[in-house]
Amino acid sequence: MGEQGRVLLRVRIEADGSASAAQVYGSSGFVRLDQAAQQAVLRWRFVPGTRNGEPQAMWHLVPIHFVLE
């Protein structure tokens with residue numbers, strides 16, 4: 001389909017490392033790519049951020065690049 005681009009997602013990472021929400025912060029210009037990026041990130045596991053040595057839920061920006069080769 002010739003679609004490529006970068007999606008910037010704002011992801012809520014919980015204290016256990018799971019992603020509980022993913023919002024499109026910067027679109028690729030293609031709804032299909034934006035949705036695919038959101039679905040993928042919600043299945044990922046992350047290393048949670050910490051405050052005073054304790055894992056905390058936080059928002060983080062995650063770029064996803066779709067490139068045709």
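Residues in the sequence shown are numbered consecutively from 1, following the UniProt record's numbering. For glycine and all other residues, C-beta sits at the position ideal for the given N, C-alpha and C.
The criterion of a C-beta distance shorter than 8 angstroms is not satisfied by Pro48 and Ala19.
A straight-line Cα-Cα distance of about 16 angstroms links Val41 and Val31. When the five nearest sequence neighbours on each side are left out, the beta carbons in the same chain lying within less than 7 angstroms of the beta carbon of Leu8 are those of Tyr25, Gly26, Leu61 and Pro63, in order along the chain. With respect to the 8 angstroms criterion, Gly29 and Gly5 are classified as neighbours on the basis of their beta carbons. In this structure, Glu3 keeps its C-beta atom at 8 angstroms or more from the C-beta atom of Phe46.
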